[in-house]
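**Q**
In the numbering used here, the protein residues as written are 1 to 193.
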């Protein structure tokens with residue numbers, strides 16, 4: 001019986017990830033799908049949105065894939081326990097980040113309030129400059145991310161689905177494309193903060 005013709009155990013999937021090449025990608029996809037229920041678990045337990053949990057889950061899986069491939073994960077606990085711990089820690093980080101961002105909003109200088117003090121003509125000029133500046137900043141950050149991330153984010157922004165992005169960019173599945181897209185969006189978000 002071949003490695004991919006039966007239900008794969010965590011041990012089988014780890015061997016596949018360590019093997020590299022096509023077998024690694026296939027094993028990563030299977031492992032990603034196997035524990036995807038953690039997203040719903042995270043929305044319930046940590047009160048994060050589904051998108052936030054999906055992003056945390058993708059980040060968790062990328063961390064786990066790297067740990068497995070490099071031998072950093074030594075198997076002292078079960079893989080499920082290891083993934084759950086990483087996921088929980090990353091959920092807590094996301095909650096902290098969200099809470100910190102919310103509280104800093106209250107301390108922020110309000111551009112809108114300042115604009116209201118300007119005459120109408122000046123206000124519209126300042127608003128146009130701010131909008132132009134934001135667009136230029138976005139273009140610059142997108143270019144800094146690299147061609148793959150830039151193409152993926154722009155395609156997604158134009159309404160292409162993860163399935164379509166996976167096909168055009170050569171990813172194995174929509175799940176892998178989504179993981180990559182979320183990783184790129186997180187990098188972009190970090191550059192903006």
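C-beta atoms are modelled at their ideal positions from N, C-alpha and C, and glycine is treated no differently.
For residue 159 and residue 96, what's the separation of their Cα atoms in angstroms?
**A** Answer to the nearest angstrom: the Cα atoms are 31 Å apart.
**Q** Hey, how far is the Cα of residue 152 from the Cα of residue 67?
**A** Between residue 152 and residue 67, the C-alpha separation is close to 25 Å.
**Q** Roughly how many angstroms lie between the CA atoms of residue 77 and residue 83, to the nearest whole one?
**A** Cα-Cα distance, rounded: 10 Å.
**Q** Can you find the residues in the same chain that come closer than 8 Å, C-beta to C-beta, to residue 186, ignoring five residues on each side of it along the sequence?
**A** Closer than 8 Å at the Cβ level, and outside the excluded window around residue 186, lie 55, 59.
**Q** Just the C-alpha distance for residue 175 and residue 81, rounded to the nearest angstrom, thanks.
**A** Computed Cα separation, rounded: 22 Å.
**Q** Give a yes or no on whether the C-beta atoms belonging to residue 57 and residue 38 are separated by under 8 Å.
**A** Against a cut-off of 8 Å, the Cβ pair of residue 38 and residue 57 comes out as a contact.
**Q** CA-CA distance, residue 103 and residue 87?
**A** Confidence at residue 103 is low in this model, with a pLDDT of 49, below 50, so the placement of that residue is unreliable and no value is reported for it.
**Q** With DSSP as the reference, label residue 74 as helix, strand or coil.
**A** Reduced to three states, the DSSP call for residue 74 is coil.
**Q** By Cβ distance below 6 Å, which residues in the same chain neighbour residue 43 in space, the five residues on each side in sequence not counted?
**A** Around residue 43: 50, 53.
**Q** Kindly indicate which three-state DSSP category residue 189 falls into: helix, strand or coil?
**A** Helix, per DSSP.
**Q** Under the three-state reduction of DSSP, which class applies to residue 269: helix, strand or coil?
**A** This structure does not reach residue 269, given that the chain is present from 1 up to 193, and the question cannot be answered.
**Q** So the candidates are 63, 75, 70, 74; which of them puts its Cα closest to the Cα of residue 90?
**A** Taking only the C-alpha atoms, the option nearest residue 90 is 63.
**Q** Pick helix, strand or coil for residue 108, following the three-state DSSP scheme.
**A** Low per-residue confidence applies at residue 108: pLDDT is 44, beneath 50, and the placement is therefore not dependable, though the value from the model is reported in the following sentence. Residue state, collapsed to three classes: coil.
**Q** Could you tell me the alpha carbon to alpha carbon distance between residue 168 and residue 137, rounded to whole angstroms?
**A** Going by the C-alpha atoms only, they are around 27 Å apart.
**Q** Taking the alpha-carbon of residue 8 as reference, which of 21, 32, 20 has the nearest alpha-carbon?
**A** Looking at the Cα atoms, 32 is the closest of the given residues.
**Q** May I have the straight-line CA-CA distance separating residue 154 from residue 15, to the nearest angstrom?
**A** If I take the Cα positions, the gap works out to 35 Å.
**Q** Under 8 Å by Cβ, that's how I've got residue 171 and residue 161 pegged, so tell me the actual separation to the nearest angstrom.
**A** Contact doesn't hold; Cβ gap of about 12 Å is too wide.
**Q** Quick check: what's the CA-CA separation for residue 149 versus residue 191?
**A** Answer to the nearest angstrom: the Cα atoms are 13 Å apart.
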